[in-house]
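In my numbering, the protein residues as written are 71 to 300.
Just so it is clear, CB atoms sit at the ideal spot from N, CA and C, and this is done for glycine as well.
Since the model is a prediction, treat every value here as computed from it, not as a measurement.
Note sheet for the following structure.
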């Protein structure tokens, strides 16, 4: 209903702009001598359409954040359940909005909501002080579900890098969660690799500590020192 209301307001706004010109020859002679417009009303309708739709968009964003903030990333059943719930919500919005909203509005809106989800997953993962090996494996699998399904809610899945600001960061995080220290070091590449493009040195060091602090590979902390040098 909100999408229809938005479209109707935009349509009426456009009609108000063209109404005076279209019916000028049918107006009384005194009015035909002037340009009659309803620009003031058209602007009000556009503002109303935008504000109403933004309220709905914020509600959808808050719903996604609420789902993710209620789940524990260290529990496989919780995180995968929450991620699938978020994806179902996005796919429901796709079903309702894709054929109703203008293409540019739809893609921008769904891209923003997907970004909300992946950004929150990145932030919550980066906040973990310890990521055991089994948890890392579970997160890699759960994030793979997002990577497989989230781009499909856009009209063109190939636009995901353009529409979802944190998509590259999310992909890199998923890769690092399943990588060994050697691979992480290679992707950092003295601050010039793909890992360095999406994470700061401090973020990378924190992630390394969380992943490897309680394993026999702790000696690999030397990789962290390579980040320190950058």
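Which residue's Cα is closest to the Cα of residue i: the options?
| i | options | result |
| --- | --- | --- |
| residue 72 | 176, 253 and 150 | 176 |
| residue 281 | 238, 223 and 195 | 195 |
| residue 141 | 187, 181, 168 and 116 | 187 |
| residue 172 | 257, 153, 123 and 266 | 123 |
| residue 178 | 217, 221 and 132 | 221 |
| residue 165 | 131, 250 and 225 | 225 |
| residue 74 | 230, 274, 114 and 168 | 168 |
| residue 205 | 148, 274, 114 and 228 | 148 |
| residue 267 | 276, 275, 245 and 238 | 238 |
Work out the CA separation of residue j and residue i for me, nearest whole Å.
| i | j | result |
| --- | --- | --- |
| residue 260 | residue 269 | 13 Å |
| residue 84 | residue 155 | 38 Å |
| residue 213 | residue 80 | 38 Å |
| residue 252 | residue 263 | 13 Å |
| residue 200 | residue 137 | 22 Å |
| residue 257 | residue 203 | 20 Å |
| residue 88 | residue 109 | 9 Å |
| residue 272 | residue 283 | 16 Å |
| residue 153 | residue 217 | 11 Å |
| residue 132 | residue 249 | 32 Å |
| residue 82 | residue 230 | 32 Å |
| residue 129 | residue 174 | 20 Å |
| residue 227 | residue 274 | 29 Å |
| residue 139 | residue 127 | 18 Å |
| residue 276 | residue 245 | 16 Å |
| residue 121 | residue 114 | 11 Å |
How many whole angstroms separate the CB atoms of residue i and residue j, which I take to be in contact at a CB cut-off of 8 Å?
| i | j | result |
| --- | --- | --- |
| residue 170 | residue 78 | 11 Å between Cβ atoms; not a contact. |
| residue 116 | residue 157 | About 32 Å separates the two Cβ atoms, so there is no contact after all. |
| residue 125 | residue 181 | Rounded, the Cβ-Cβ distance is 19 Å, inconsistent with contact. |
| residue 207 | residue 240 | In fact, because the Cβ distance is near 17 Å, the residues do not count as touching under 8 Å. |
| residue 189 | residue 236 | 4 Å |
| residue 254 | residue 265 | 7 Å |
Determine whether the beta carbon atoms of residue i and residue j lie at a separation below 8 Å.
| i | j | result |
| --- | --- | --- |
| residue 223 | residue 150 | no |
| residue 215 | residue 247 | no |
| residue 183 | residue 243 | no |
| residue 86 | residue 119 | no |
| residue 163 | residue 198 | no |
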